[in-house]
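Protein chains in written order, with the numbering used here: chain A, 4 to 639; chain B, 1331 to 1445.
See structure below.
Rendered as structure tokens:
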């Protein structure tokens, strides 16, 4: 006996110890030994009374992964102890593809049906096509458990080579039929469809279910016609199974199937599926019931609004727009008993379908205790077009919660007309900026001459804030009627008003008012001068070069930066001489602006200077120079 | 304003460019009406080239939205420039319109709902 074998014999003896730690140490040491004797000894440890030691032995066998380990484990599948048998099976499964040749070989040598069933199950789970022939042989085993396990395993292998064997087994062995049909479904080959379609006429519901499920699993669009015939089956379960198969085919084909049947009889099943978060049924239902419906179906859609995803709320909304009046009434009926989260969803949906009747009813919910609900009610009423809601919205505009007041003012802007201007102007004095902004927005929505006149008057308001809101509102209205007051505002005593006026005139783009911009270019306030540069450039483009050039020496660095950037955007190398001196500016931010500008202007004569700047002490300047040189050398 | 049209599945995409004001708003309403008259009721407005919108332009969009609802259709917007986005926020029309960052996002949302 060699020392190594003596050591293993000693460890085997230690494995019989009543002491857990002694046995565990023996197993660990066996794991460190090489040779078949150590592996065989580890297999004995699979029957240790302690589960921890058994698992340790199994892990070590997986690591060993030798032909002897596999052979010993297969032998262990016949062990008298069920725990050891199961652990051996699990270990073989972990070894995986390396165990397949020995497992297939064992099919021919083993006569034990329990072992063969284990082997079939393990091979099915490993999923290696080398097992197909062996498993096909097992279909003819005398024990039905082995036959069924083999058929199931062949399904898991998904190999088309097994189809004919499964069909033959179906024909000759009655008890394997449902499993064989299911296996053909898992294989997923369309060539099985002719068999499955024939077998569907079986009297055995188990076979029918299996065939329907298998046809669905294969996912071929041509099967929809066959399955559709079953939708009128006397056995409701068969009909529903057929619809589930169709739904799966539709999902696999991204909805591209031809359906010629009425789904109305199956709505309970479909909506139950939505409630159970079945993604295929949900998608199918929303896709194929996307048309006009009666109250019964609309109610079902509204019922599931509190269980579907945010994205699907949008889909339900879209469906309800096909029957807006019925839908609005159903939503209103549901609103009364809903919790806050569901109410918010109902209100989101109601936005797209609200009519006068539902708006009138909705007004009674304006005192809801939840501010978010009141906010959404304001928006829905605003978009309802129901002028009778103005009084309710005015009430909400006095709400104690800011975002409710804000929503109410915005909604009044969508709904009301000139008659409510006085009220909307009260919103400009609200303590919260968001509400004041919403009031401006509402007045902009009305945007009439009266609003312009009121804003114009407000330019002389005692409050500076009101003056600023007025010029902002005039700018947003943006009509030609607002140009004159904005022009006057450009000479206002408040610099913010002047800046907002210049920005607005710049957007409206009135070429005849260049004088206003030119004047603003010499404004005492840098922000106004900057806005004026943008305005002149927006109006005159390259022709504004002579107007803005004096501002290259502006006292304010950001005005200079802005002018340099504007010259860059002219993309005219003729102006390069004005910008080049800024490559040596004391401010790095100006140097970067100048680098980018000369690159945009394609000032290739400055390339040597830019190259020198690639090693600037400031990495941002160096990077800008690097990019500029690259752009100039590319010629773009 | 210039309007060009393209059909993507069941959705008619209108590409708007320029300034959306009183005159161009009327033009937009007419263009959308033509779409509805052709039997389609799903419209997407790609606003990436809209550089300016004023009060009248907003009114035109609201009008188009209301008409879409009457036709039991769906209207989406995408690619709003910063200024246009800002004005939608100020007026809170962003709560009413379906606005998507990109045209692809908007069209994908239609694909959920089309049979």
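Just so you know, even glycine gets a beta-carbon here, dropped at the ideal spot from N, CA and C.
Asked	Found
Closest by C-alpha distance to residue 77 of chain A, when choosing among A:361, A:114, A:51 and A:53	A:114
Rounded straight-line distance, which links the Cα of residue 97 of chain A to that of residue 168 of chain A	28 Å
Through-space distance from residue 1371 of chain B to residue 1335 of chain B, alpha-carbon basis	14 Å
Neighbour-count burial assignment, residue 671 of chain A, 16 or more Cβ in a 10 Å radius	Residue coverage of chain A in this structure runs from 4 to 639, which leaves residue 671 of chain A outside it and unanswerable.
Within 8 Å, strictly: CB atoms of residue 230 of chain A and residue 253 of chain A	no
Cβ shell of residue 293 of chain A (< 6 Å), same chain only, five flanking positions each side left out	322
Best match in A:379, A:15 and A:424 for proximity to residue 29 of chain A [C-alpha to C-alpha]	A:15
Between the CA atoms of residue 204 of chain A and residue 45 of chain A - distance to the nearest angstrom	53 Å
Per-residue DSSP class, three states only, for residue 55 of chain A	helix
Cβ-Cβ distance between residue 503 of chain A and residue 486 of chain A below 8 Å	no
Selection from A:319, A:573, A:616 and A:570 that minimises the alpha carbon distance to residue 587 of chain A	A:616
Cut-off 6 Å between Cβ atoms - residues of its own chain near residue 222 of chain A, not counting five sequence neighbours on either side	252 and 255
Check whether residue 1427 of chain B and residue 1400 of chain B have beta carbons under 8 Å apart	no
Element boundaries [beta strand (DSSP E), containing residue 1345 of chain B]	1341 to 1350
For residue 69 of chain A, the first and last residue of its enclosing beta strand (DSSP E)	It is not in any beta strand (DSSP E) - residue 69 of chain A carries neither H nor E in the DSSP assignment.
Between the CA atoms of residue 1404 of chain B and residue 1340 of chain B - distance to the nearest angstrom	11 Å
Residue closest to residue 400 of chain A, alpha-carbon to alpha-carbon, out of A:388, A:390, A:387 and A:369	A:369
Alpha helix (DSSP H) segment containing residue 1332 of chain B, residue limits	First-last for residue 1332 of chain B: 1332 to 1338, but that is the beta strand (DSSP E), not the alpha helix (DSSP H).
CB-CB length for residue 242 of chain A against residue 212 of chain A, believed under 8 Å	The pair is not a contact, with the Cβ atoms about 12 Å apart (cut-off 8 Å).
For residue 116 of chain A: DSSP bridge partner residues	None; residue 116 of chain A has no bridge partner.
Short CB-CB distance (under 8 Å) between residue 440 of chain A and chain B	yes
Neighbour flag for residue 1425 of chain B against chain A, beta carbons, 8 Å	yes
Extent of the continuous alpha helix (DSSP H) run through residue 1412 of chain B	1412 to 1420
Short Cβ contact (8 Å threshold) for residue 598 of chain A with residue 564 of chain A	no
Closer than 8 Å to chain B by CB, residue 45 of chain A	no
Contact set for residue 20 of chain A: own chain, Cβ-Cβ below 8 Å, skip 5 residues either direction	26 and 29
For residue 1329 of chain B: DSSP bridge partner residues	For residue 1329 of chain B there is no data in the structure shown, the boundaries of chain B being 1331 and 1445.
Chain A within 8 Å of residue 1433 of chain B, Cβ atoms only	no
Closer than 8 Å to chain B by CB, residue 324 of chain A	yes
Neighbourhood of residue 613 of chain A by C-beta distance below 6 Å, restricted to the same chain and skipping five residues each side	628, 631 and 632
Nearest-angstrom Cα separation, counted from residue 547 of chain A out to residue 605 of chain A	19 Å
Counted within 10 angstroms of its Cβ, other Cβ atoms place residue 1409 of chain B as buried (16 or more) or exposed	buried
Beta-carbon gap between residue 317 of chain A and residue 291 of chain A smaller than 8 Å	no
First through last residue of the beta strand (DSSP E) which encompasses residue 483 of chain A	Premise fails: residue 483 of chain A is in no beta strand (DSSP E) and is neither H nor E.
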